[in-house]
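The structure appears below as structure tokens.
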Amino acid sequence: AQSVTQLGSHVSVSEGALVLLRCNYSSSVPPYLFWYVQYPNQGLQLLLKYTSAATLVKGINGFEAEFKKSETSFHLTKPSAHMSDAAEYFCAVTSSSGNTPLVFGKGTRLSVIA
Amino acid sequence: DAGITQSPRHKVTETGTPVTLRCHQTENHRYMYWYRQDPGHGLRLIHYSYGVKDTDKGEVSDGYSVSRSKTEDFLLTLESATSSQTSVYFCAISGGTENTGELFFGEGSRLTVL
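Quick mapping for you: the protein sequence lines, in order, are chains V and E. Just so you know, we're using this note's numbering here: the first sequence kicks off at 1 and counts up by one. Just so you know, we're using this note's numbering here: the second sequence kicks off at 1001 and counts up by one.
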């Protein structure tokens, strides 16, 4: 079985500050990992994905995440927050076969303060 | 954007009535999914399909049924809606030529059961 834990249901940062959203996973098989973003009243959009190539993955809008097997983590970072980053962020895991449904974390709402 | 259309986008119904949500894709992807999104719970898998007439249950399948008679359509039915099924329902697809398990989401269907 696979699971994801996102630490912090709500994170608040100042504009220009570092964004760090935490994700830890549990998987009995090599995982594929994803971060999705959801803006209000919209569907989910892929930010980035780890599929066993480079452990440091770069995504859209300046976000990146690092896969750390020893820590079972896949934290999402952005050096400088922008007001437009305010949204809900979801971490998700699946097996490396790509044929099992994604299991999502409960989400972290990011607020950016001017 | 992936060609995924959900209908209806908004529906208000009464307890005990049947409801069907439709998901239509134009991407010819093999896998289709129904998730529900509720505050504090993230996205939870209801049912999914891995081919025409091939479906399986997810984490929260009680009270829901699905059907897939064509590659492009995946229907979610609530036989007798209850207030606990008030939620936002998302359809997703995966399984294109580069199948990494990445999901592409529809815009969601907001269901209110009074």
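Positions of the beta carbon are idealized from the N, C-alpha and C atoms, including for glycine. This one's a predicted model, so the numbers in the text were calculated from it and none came from an experiment.
Compare the C-beta of V/N24 with all C-beta atoms of chain E and state if any pair is closer than 9 Å. no
Measuring straight from C-alpha to C-alpha, what distance separates E/F1074 and E/S1087? 18 Å
Measure the C-alpha to C-alpha separation of V/L44 and E/G1016 and round it to an integer number of angstroms. 30 Å
Checking contacts by CB at 9 Å: is V/V13 closer than that to chain E? no
Indicate whether E/L1103 and E/T1013 have their beta-carbon atoms separated by less than 9 Å. no
Closer than 9 Å, CB to CB, is E/G1042 near chain V or not? It does: the Cβ of E/G1042 has a partner Cβ on chain V nearer than 9 Å.
Going by CA-CA distance only, name the one from E/I1046, E/G1040 and E/N1028 that's closest to E/T1077. E/I1046
Candidates V/A1, V/S80 and V/V112, of which the one nearest V/P30 by Cα: V/A1
Would you identify the three-state DSSP class for E/Q1006, choosing helix, strand or coil? strand
Mind checking which residues open and close the beta strand (DSSP E) that includes V/F63? Looking at the DSSP string, V/F63 is not in any beta strand (DSSP E), and its letter there is neither H nor E.
Coarse secondary structure for V/Y85, derived from DSSP in three states: Sequence inspection shows Asp at residue 85 of chain V; the Tyr mentioned does not correspond to that position. It is helical.
Simplified DSSP assignment, three categories, for E/S1156: What the structure shows of chain E is the stretch from 1001 to 1114, and residue 1156 of chain E is not part of that stretch, so it cannot be assessed.
Segment limits, beta strand (DSSP E) that includes V/Q116: There is no way to answer for residue 116 of chain V, as the model of chain V reaches only from 1 to 114.
Answer yes or no: does any C-beta atom of chain V fall closer than 9 Å to that of E/L1045? yes
Is the stretch 69-89 of chain V touching the stretch 18-26 of chain V, taking contact as three or more C-beta pairs under 8 Å? The way I'd put it, the stretch 69-89 of chain V does touch the stretch 18-26 of chain V; three or more beta-carbon pairs between them come closer than 8 Å.
Under 7 Å between beta-carbons, which chain E residues line up against V/L46? List them in chain order, please. E1102
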